[in-house]
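Peer 1: I have a structure I would like to understand better, so I am pasting it below and will then ask my questions one at a time.
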Amino acid sequence: MINAVGRDIPEEILEMTGKEVFRGNHYFDGYTYRKHGPSTTCVINSNGSKLVSGLREAIEKCGIRDGMTISFHHHFREGDYVVNMVMEEIHKMGIKDITICASSLGKAHDPIVPYIEDGTITNIRSSGVRGKIGEAISKGKLKGLAVMQSHGGRVRSIATGEVEIDIAFIGAPTCDDYGNCRGIGGKSNCGVLSYAMADALHADKVIAITDCLVPFPNFPAHISMTRVDYVVEVDAIGDPEKIATGAAKPTTDQRKLMMADYCTRFVVNSPYFKNGFSYQTGVGGASIASTISLAREMRKRNVRMRFGVGGLTKPMCDLLINDQVDCLLDTQDFDLDAVESVKDLRHFRISAGQYADPFNKGAVVNKLDFVILAALEVDVNFNCNVVVGSDGMLTGAQGGHPDTAAGAKCAIVIAPLLQGRIPAICTEVTTVTTPGESVDVVITDYGIAINPRRQDLIEAMKEVDLPFKTIEELRDMAYSITGEPERVQFADRVVGIIESRDGTIMDVVRQIKSFEFSDK
Amino acid sequence: MEILKPAIAGTLESSDCQVSVEAGEGGIELELNSVVINQFGNQIRKVALETLERLGVNNVKLTIVDMGALDCTIKARIEGAVYRSQGQKEHLPWGGVIR
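Protein chains in written order, with my numbering: chain A, 1 to 520; chain B, 521 to 619.
Below you can see the structure in the form of structure tokens.
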């Protein structure tokens, strides 16, 4: 069945998943449902501690069985030890058919690939996958389906009960013996625990894993003891150097700086740039550079930001330090400056649900004026792909891309026209992850295209001196340099689905096939 | 043109390709390894075969390790490798078979 972005979703996938095809961003606006609550085991005795001897005991006490769903957060990013440590233990116990429900998985988790191959893990739900896990899924090694979800979409799936988490594993930089978790104060700090908050609210069993046990009460708790069943102390939950990298040096790449400059000039000339505006940006070199140049323009024009959202990095936290923004709303910290900034009283921690869940009573993304994003590919319908490489391999994550693009009044995607020989602007993206109806502006090093759906923005930019082009002109420029790329040859089997933030199916990902020359 | 000795041109830098040629076994044998093979494999083969034809090379083992080079680069690297295999460094046919 063809969905709203023109993708043909196979009937057997609709049957297998019980899902509908994507019908547009606002299809579920006003939809009413009852939230899923966890089965809860009361602790009335005053024995005083939830600390158990080790991971094995905690997992056993939670009653692990074949076929269960377990969850993880990805605040430790490429420095995470928790997923591997838990999966190793579960594998040793001989448990099979596990569904992993992670807020994201990365290269740090390459060691779990053998557990995919031997049937310990048979289903994966995640924002994305990189490295060897992506390769394994694309090669058809996962028995079930990989479901790629946005950050908001993940919370929706947990809150509605579509996904029932049996055991949530929450890595906590600090924790007391009763389960109060914080993202700061320890040796493996990640700042916030936003992605784990939905797991703590809805999972039947919650295990906190820490490498820094502190005296009760570890307050103000980022995740409350009232949600935690057991506490485990281990040597290390992550590699601090890879969790929050030091502030990335501002890029010196002239191409990125030029795109950042285009972006800032577009932002300041748009109708939303005025006192009290709101802004979010990603962590790409060009995005970070655009935050730096925007700060300069704000000072020059005496314009103040009301709130910034992230995925935070040093340039965003600098806005707070320099008193150019009233407050920051934080779901994830990418560098040490952002982790440090969490202590600032105007730096608020928010849950992934508050941030982006389309199925709550309104998320922060709905209040955004601007979001600055990146993409692997953008097509002439402004559909973006951030999950599947141009070679067909799963290699990225939805993150908050579809959530923020849908919510923001002005969603700007920055992409260099060419990545090596791969044109970033193309006729049809390999896989749709963010629908074109959400994307307002595409900025490349060769020109800027405004989505024709946004005649108001086209009108507002009439007198502005920027290299405006149509998206087709950008594509033609790219193809004139690289040649027109052929469509990637896939096998028939569907190995994954791109789930829209509302739970419908945006696209499917098929097994890759090795390349064969055409006959001519 | 006969391949007199094995020769190599190009690098493994991004957007370049490394081309090596050696004497063939009575025809053209192409080994292509490319980071963009899924999108441009057929196009790269076409450019390689056209370039060999223009140079009059029909007995060669041609190996291309491509890091996303554009057609013009691939063509230039093949020409470079073929003329190196001749030991020819001067009086190259610019505007002739090299264009």
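Each residue gets a CB set at the ideal place from its N, CA and C atoms; glycine is no exception.
Per DSSP, what kind of secondary structure is Glu551 (chain B) in: helix, strand or coil?
Peer 2: Within the second sequence, numbered from 1, the residue matching residue 551 (chain B) stands at position 31. Here Glu551 (chain B) sits in strand by DSSP.
Peer 1: Between A:Gly362, A:Asn275, A:Leu320 and A:Lys274, which lies nearest to Ile292 (chain A) when the distance is taken from Cα to Cα?
Peer 2: Residue numbering aside, residue 292 (chain A) sits at position 292 when the first sequence is read from its first letter. The candidate whose alpha carbon is nearest that of Ile292 (chain A) is A:Leu320.
Peer 1: Check the Cβ of Phe219 (chain A) against every Cβ in chain B and list those closer than 9 Å, keeping chain order.
Peer 2: Residue 219 (chain A) sits at position 219 when you count from the first residue of the first sequence. Correct list: empty, because the minimum Cβ distance to chain B is about 50 Å.
Peer 1: Output the residue ranges of the alpha helix (DSSP H) runs that lie fully inside the stretch 339 to 388 of chain A and measure 4 residues or longer, sorted by chain position.
Peer 2: 352 to 356
Peer 1: Suppose contacts are defined by Cβ-Cβ distances below 8 Å. Is Thr237 (chain A) in contact with Ala196 (chain A) by that definition?
Peer 2: By 1-based counting over the first sequence, the position of residue 237 (chain A) is 237. By 1-based counting over the first sequence, the position of residue 196 (chain A) is 196. Checking the displayed sequence, the identity of residue 237 (chain A) turns out to be Ile instead of Thr. Their beta carbons are not under 8 Å apart, which means Ile237 (chain A) does not touch Ala196 (chain A) by this criterion.
Peer 1: Distance, Cα to Cα, Pro358 (chain A) vs Thr583 (chain B)?
Peer 2: Taking the first sequence and counting its residues from 1, one reaches residue 358 (chain A) at position 358. Taking the second sequence and counting its residues from 1, one reaches residue 583 (chain B) at position 63. About 52 Å.
Peer 1: State buried or exposed for Ile372 (chain A), treating a residue as buried only when at least 16 other CB atoms are found within 10 Å of its CB.
Peer 2: Against the first sequence, residue 372 (chain A) aligns to sequence position 372. Result: buried.
Peer 1: Give me whichever residues DSSP pairs with Met305 (chain A) in a beta bridge.
Peer 2: On the first sequence, position 305 is the one that residue 305 (chain A) refers to. The partner list for Met305 (chain A) (beta bridge, DSSP) reads A:Phe277 and A:Val325.
Peer 1: Where DSSP assigns a beta bridge to Glu78 (chain A), which residues make up the other side?
Peer 2: Indexing the first sequence from 1 puts residue 78 (chain A) at position 78. Per DSSP, none; premise fails for Glu78 (chain A).
Peer 1: Is there a Cβ from chain B that is less than 8 Å from the Cβ of Asp337 (chain A)?
Peer 2: Residue 337 (chain A) sits at position 337 when you count from the first residue of the first sequence. Not a single C-beta of chain B is nearer than 8 Å to the C-beta of Asp337 (chain A).
Peer 1: Identify whether Pro423 (chain A) lies in helix, strand or coil by the three-state DSSP scheme.
Peer 2: As a working mapping, residue 423 (chain A) is identified with position 423 in the first sequence. If DSSP states are grouped into helix, strand and coil, Pro423 (chain A) belongs with the strands.
Peer 1: What residue range is occupied by the uninterrupted alpha helix (DSSP H) comprising Asp591 (chain B)?
Peer 2: Along the second sequence, read from residue 1 onward, the residue named residue 591 (chain B) stands at position 71. DSSP places Asp591 (chain B) inside the alpha helix (DSSP H), whose first and last residues are Asp591 to Ser605.
Peer 1: What are the residues of the stretch 585 to 611 of chain B that lie near chain A, defined by any Cβ-Cβ distance shorter than 8 Å?
Peer 2: Met587, Gly588, Ala589, Leu590 and Asp591
Peer 1: Would you call the CB atoms of Gly544 (chain B) and Lys581 (chain B) closer than 8 Å?
Peer 2: Translated into the one-based positions of the second sequence, residue 544 (chain B) becomes position 24. Translated into the one-based positions of the second sequence, residue 581 (chain B) becomes position 61. Closer than 8 Å, so yes.
Peer 1: Using three-state DSSP, classify Phe490 (chain A) as helix, strand or coil.
Peer 2: Start at 1 with the first residue of the first sequence, and residue 490 (chain A) comes out as number 490. The answer is strand: DSSP assigns Phe490 (chain A) an E or B state.
Peer 1: What residues are listed by DSSP as bridge partners for Glu233 (chain A)?
Peer 2: Taking the first sequence and counting its residues from 1, one reaches residue 233 (chain A) at position 233. DSSP output for Glu233 (chain A) lists A:Thr210 as bridge partner(s).
Peer 1: So, is the C-beta of Pro485 (chain A) closer than 8 Å to a C-beta in chain B?
Peer 2: If you number the first sequence from 1, residue 485 (chain A) lands on position 485. Closer than 8 Å: yes.
Peer 1: Return the CA-CA distance between Tyr178 (chain A) and Ala102 (chain A), expressed in angstroms with no decimal places.
Peer 2: As a position in the first sequence, residue 178 (chain A) is number 178, starting the count at 1. As a position in the first sequence, residue 102 (chain A) is number 102, starting the count at 1. In a straight line, the C-alpha of Tyr178 (chain A) is about 24 Å away from that of Ala102 (chain A).
Peer 1: Could you tell me which chain A residues have their CB closer than 7 Å to the CB of Gln563 (chain B), listed as they occur along the chain?
Peer 2: Walking along the second sequence from the start, residue 563 (chain B) turns up at place 43. In chain order, Gly483 make up the part of chain A whose C-beta sits under 7 Å from the C-beta of Gln563 (chain B).
Peer 1: Taking only beta-carbon atoms, is Ile548 (chain B) less than 8 Å away from chain A?
Peer 2: In the second sequence, residue 548 (chain B) corresponds to position 28, counting from 1. By this cut-off, Ile548 (chain B) is not an interface position.
Peer 1: Between the Cα of Ile422 (chain A) and those of A:Lys143, A:Asp379, A:Val21 and A:Val231, spot the shortest distance and give me the residue it belongs to.
Peer 2: Within the first sequence, numbered from 1, the residue matching residue 422 (chain A) stands at position 422. Comparing Cα positions, the closest option is A:Asp379.
Peer 1: Can you tell me the Cα-Cα spacing of Leu572 (chain B) and Asn383 (chain A), whole angstroms?
Peer 2: In the second sequence, the residue the question calls residue 572 (chain B) occupies position 52. In the first sequence, the residue the question calls residue 383 (chain A) occupies position 383. Looking at the two C-alpha atoms, the distance is approximately 40 Å.
Peer 1: Are the beta-carbon atoms of Ala363 (chain A) and Gly152 (chain A) separated by less than 8 Å?
Peer 2: What you label residue 363 (chain A) is simply residue 363 of the first sequence in a count that begins at 1. What you label residue 152 (chain A) is simply residue 152 of the first sequence in a count that begins at 1. Result yes, Cβ atoms of Ala363 (chain A) and Gly152 (chain A) sit closer than 8 Å.
Peer 1: Would Val580 (chain B) count as contacting chain A if we go by Cβ distances under 8 Å?
Peer 2: For the purposes of this step, residue 580 (chain B) is taken as the residue at position 60 of the second sequence. Not one chain A Cβ lies under 8 Å of Val580 (chain B).
Peer 1: 8 Å is my cut-off, CB to CB: does Asn553 (chain B) come that close to chain A?
Peer 2: In the second sequence, counting from the first residue as 1, residue 553 (chain B) sits at position 33. No - not a single Cβ of chain A is within 8 Å of the one on Asn553 (chain B).
Peer 1: Can you tell which of A:Arg501, A:Asp66 and A:Tyr479 has the C-alpha that lies nearest to the C-alpha of Ser126 (chain A)?
Peer 2: The residue you call residue 126 (chain A) lines up with position 126 of the first sequence. Nearest option by C-alpha distance: A:Arg501.
Peer 1: Could one say the Cβ of Ile137 (chain A) lies closer than 8 Å to chain B's Cβ atoms, at least one of them?
Peer 2: Taking the first sequence and counting its residues from 1, one reaches residue 137 (chain A) at position 137. Not closer than 8 Å to any Cβ of chain B, the Cβ of Ile137 (chain A) fails to qualify, so no.
Peer 1: Quick check on DSSP: helix, strand or coil for Leu466 (chain A)?
Peer 2: Within the first sequence, numbered from 1, the residue matching residue 466 (chain A) stands at position 466. Correct three-state label for Leu466 (chain A): coil.
Peer 1: Of the residues A:Gly119, A:Thr245 and A:Asp199, which one's Cα is nearest the Cα of Ile70 (chain A)?
Peer 2: In the first sequence, residue 70 (chain A) corresponds to position 70, counting from 1. Cα-wise, what sits closest to Ile70 (chain A) is A:Asp199.
Peer 1: What residue range does the beta strand (DSSP E) around Ala543 (chain B) cover?
Peer 2: Here residue 543 (chain B) refers to the residue found at position 23 when the second sequence is read from its first residue. Here the beta strand (DSSP E) through Ala543 (chain B) covers Cys537 to Ala543.
Peer 1: Enumerated in chain order, which unbroken segments of the beta strand (DSSP E) with a length of 3 residues or greater are wholly contained in the stretch 123 to 165 of chain A?
Peer 2: 146 to 148
Peer 1: Do Arg296 (chain A) and Pro416 (chain A) have their CB atoms nearer than 8 Å?
Peer 2: The sequence position of residue 296 (chain A) within the first sequence is 296, counting from 1. The sequence position of residue 416 (chain A) within the first sequence is 416, counting from 1. Taking 8 Å as the Cβ cut-off, Arg296 (chain A) and Pro416 (chain A) do not qualify as a contacting pair.
Peer 1: Leaving out five residues on either side along the sequence, give the residues of the same chain with a beta carbon under 7 Å from the beta carbon of Gly285 (chain A).
Peer 2: In the first sequence, the residue the question calls residue 285 (chain A) occupies position 285. If we look at Gly285 (chain A) and ignore the five residues flanking it on each side, its Cβ neighbours are Thr251, Asp253 and Lys256.
Peer 1: State buried or exposed for Ile2 (chain A), treating a residue as buried only when at least 16 other CB atoms are found within 10 Å of its CB.
Peer 2: Sequence index remark: in the first sequence, residue 2 (chain A) carries index 2 (1-based). Exposed, since its Cβ has fewer than 16 Cβ neighbours within 10 Å.
Peer 1: Starting from the beta carbon of Val488 (chain A), find every residue of chain B whose beta carbon is closer than 9 Å, and list them in chain order.
Peer 2: Residue mapping note: residue 488 (chain A) aligns to position 488 of the first sequence, counting from 1. In chain order: Asn558 and Gln559.
Peer 1: Anything in the stretch 417 to 433 of chain A with a Cβ closer than 7 Å to a Cβ of chain B? List those residues in chain order, please.
Peer 2: Residues of the stretch 417 to 433 of chain A with a Cβ closer than 7 Å to any Cβ of chain B, in chain order: Gly420, Arg421 and Ile422.
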